[in-house]
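For reference, the structure is listed below as structure tokens.
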Amino acid sequence: QVQLVESGGGFMQPGGSLRLSCLASGSINDYNMAWYRRVPGGQRVLVARVATGGSTNYIGSVRGRFTISRDNAKNTVYLQMNNLKPEDTAVYYCNAIKWSDLYWGQGTQVTVSS
145 QVQLVESGGG FMQPGGSLRL SCLASGSIND YNMAWYRRVP GGQRVLVARV
195 ATGGSTNYIG SVRGRFTISR DNAKNTVYLQ MNNLKPEDTA VYYCNAIKWS
245 DLYWGQGTQV TVSS
């Protein structure tokens, strides 16, 4: 079993940057990793993912502003968020998946407001 702990959320003004981190309790080498987000009353939506081989995918609204990366040696996945917008406000969750094994972190709040 893998435990995921997110950090790095907080309050930021529009146009600012934040970097989220997701630390796993064990090796993530064999896991596809992703960041999701959920707004109040909404469902979790995929934001970005990075495969075991390093390929990445993004939803259209964050492409060019967010960058997902992984450091397998540190069992950590990052989400660099630049040019933040109020609509990026959400709870961000880290996700690890390998075949039928699926794990979630507890989430970290990101609030973007002037």
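Using our numbering, read the sequence shown as starting at 145 and increasing by one per residue. Virtual Cβ for every residue (Gly too), placed ideally from N, Cα, C. Treat the numbers as computed from the prediction; the structure is a model and nothing was measured.
Q | Cβ-based neighbour list, R193, same chain, cut-off 6 angstroms, excluding 5 preceding and 5 following | A | Mapped onto the sequence shown, residue 193 falls at position 49. Taken in chain order, the residues that qualify are A178 and N201.
Q. To which residues does DSSP link S257 through a beta bridge?
A. Mapped onto the sequence shown, residue 257 falls at position 113. S257 is not bridged to any residue.
Q) Is it true that the CB of Y222 sits closer than 8 angstroms to the CB of S165? A) Translated into the one-based positions of the sequence shown, residue 165 becomes position 21. Translated into the one-based positions of the sequence shown, residue 222 becomes position 78. Yes; because the gap between Cβ atoms is below 8 angstroms, this pair is in contact.
Q | Rounded distance between the beta-carbons of T196 and N227, thought under 8 angstroms | A | Taking the sequence shown and counting its residues from 1, the one referred to as residue 227 is at position 83. Taking the sequence shown and counting its residues from 1, the one referred to as residue 196 is at position 52. Actually they are not in contact, since the Cβ atoms of N227 and T196 sit about 29 angstroms apart, beyond 8 angstroms.
Q.
Classify L148: buried if its beta carbon has 16 or more other beta carbons within 10 angstroms, exposed otherwise.
A. For the purposes of this step, residue 148 is taken as the residue at position 4 of the sequence shown. Answer is buried; the Cβ neighbour count reaches 16.
Q) In three-state DSSP terms, what is D174? A) Along the sequence shown, one-based indexing puts residue 174 at 30. Correct three-state label for D174: coil.
Q: Return helix, strand or coil for N216, following the three-state DSSP convention.
A: Along the sequence shown, read from residue 1 onward, the residue named residue 216 stands at position 72. Of the three classes helix, strand and coil, the one that applies to N216 here is helix, per DSSP.
Q. Based on the DSSP output, what are the partners of A234 in its beta bridges?
A. Counting from one through the sequence shown, the residue named residue 234 turns up at place 90. Paired residues: V254.
Q. Could you check where the beta strand (DSSP E) with T200 kicks off and where it finishes?
A. Against the sequence shown, residue 200 aligns to sequence position 56. Its beta strand (DSSP E) spans residues T200 to Y202.
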